[in-house]
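Report on the following structure.
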Amino acid sequence: MLANLKKAVIVVYREENAEDFQQIARRVKRLDSSLGVAMVPEFLTSKMVPPEFLQLPLLVIYLCNPPETEFAIAAKIAVKEMSKIEEYEHFKRNNLPCLPIERFRWGMELDPKIYGDWVVLKPEHIQSTGKDVNMVSTKLIPTLTIQNFPEEHLIRQDSYLVQNFIKCGETPTHFRVTVFLNEVLFSSRARSKLSYPKTDSSLMLNTTVASNMRENRSTQLFQDEEINNFARMVANAFPQNPLLGIDILKDDLTGKLYVLEVNLGGNTWHFSSLIGEGYRFDLGGRNAMVRQYNAWDKAASALVRKTHELAK
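This is the structure in C-alpha cells:
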C-alpha cells in the first residue's frame, strides 16, 4: 500500500478538533488511495512525520500557528492572523467590496463623503462578544470624550476603530461563512434582537449594533448561494490561508454585499472549537452544521485537490 503513494498531506489542527479531522482523513483515503494523509494535533516536528512521507511531494497545512523553527517543507500553507486594519488594506488591494475603517482618535474628523452620515465604533482587539459596538453620527465624532461613555465601556480598556455604517436588515444582521481551502463548510445568519438605536447620542453609546452579541441575537444555519459565492471570491484573495471565518454584510438599501472580517487566526473551526460552543449550540449542534453541506466530504475533496495542486 505504501508503495502506491504518490503524494502526502499533513494537517496540523487544534487538539479539540481531533475527531473531526480523523473523519476527514478516512474520506481522503477513500477518495484517493495515492495520497498519504496524516492528522497531527497542535505541533509538528520532523520526528512525527511518517518516514515515507519525507520521500514524497509533501504539503503541510497548519490550522494553528506554525512553529517559528521547523524542518524543511516543500509546500506549506498556514493560518496567520491579521489585524482588522491589515485585513481592510488587503481587501482594498484585491478590489473586494469593503467598508472604510481606521483607528479612532479623540478629536478626529471624518470626511462624510467617505464615511457617510453614520459610523460604527468597535474595539480593535477584544473580539467575538459584540459588546460596546456603537453607532454614532459622523459629525459627532470630533466632539466625543471619554466622559461620554459608560464607566464599564470597552473604550476604556481597548483601542477602538471607526468604520462606515450601513443598515443591514430591520435589525443588525450579518452572515458568517466558514471556508476551508476554498470550500464552503457551513454558513449562518445572525440577527440582533435589538433595534437600531435612536438618534439620542447618550442612548447610542449604551446600545450595541453588533449582531454577534449572543444574548441579544438569533442565529441559525442559513444557505444563500450569492453569499457563498461572494465568500469564495473573498477566500480566493487569501490563497496562503487555509481557513477563513468570513463575516459578510448586506446593504439593506442596495442589496450589495461587503466583506467585514475574515478571521484568519485559525480559531474558527466551530464544529468543535472551544470558543464556538455557544455558537454551535445556537446552530443546532455539530451534526447539523456538518449536514448542511456535507462538510467532511467537502473538506476531504478540498484536501485532495489542494495536495495535488501544491505538493510538487
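Counting from 1 along the sequence shown, just add 241 to a position and that's the residue number in our numbering. Using N, Cα and C, we set each Cβ at its ideal position, and we do this for glycine too.
Candidates Thr460, Tyr499, Leu490 and Val503: closest to Phe479 by CA position: Val503
Within the segment 498-529, ranges of the alpha helix (DSSP H) (whole runs, at least 4 residues): 518-523
Presumed contact (8 Å Cβ cut-off) between Trp359 and Phe406, rounded CB distance: 4 Å
For Arg271, the nearest candidate out of His549, Asp538, Val531 and Glu550 (CA to CA): Asp538
Same chain only: Cβ atoms within 7 Å of Asp399, ignoring 5 sequence neighbours per side: Pro364, Glu365, His366 and Ile367
Status (buried if at least 16 other CB within 10 Å, exposed otherwise) for Asp261: buried
Best match in Phe332, Thr495, Leu485 and Lys547 for proximity to His511 [C-alpha to C-alpha]: Leu485
Touch test, the segment 459-478 against the segment 318-338, Cβ-Cβ under 8 Å, three pairs minimum: yes
C-alpha distance - Glu327 paired with Asp465, whole-angstrom precision: 28 Å
DSSP beta-bridge partners of Ser428: Val418
Proximity below 9 Å, CB of Leu385 to CB of Arg546: no
Residues near Gly277 by beta carbon distance below 6 Å, same chain, minus five either side: Leu246, Ala249 and Phe294
Through-space distance from Leu435 to Thr414, alpha-carbon basis: 10 Å
Beta-carbon contacts of Glu513 that lie in its chain and below 6 Å, excluding the five residues immediately before and after: Per the sequence shown, the amino acid found at residue 513 is Ser instead of Glu. So the list reads Glu257, Asn258 and Asp261, once near-sequence residues are dropped.
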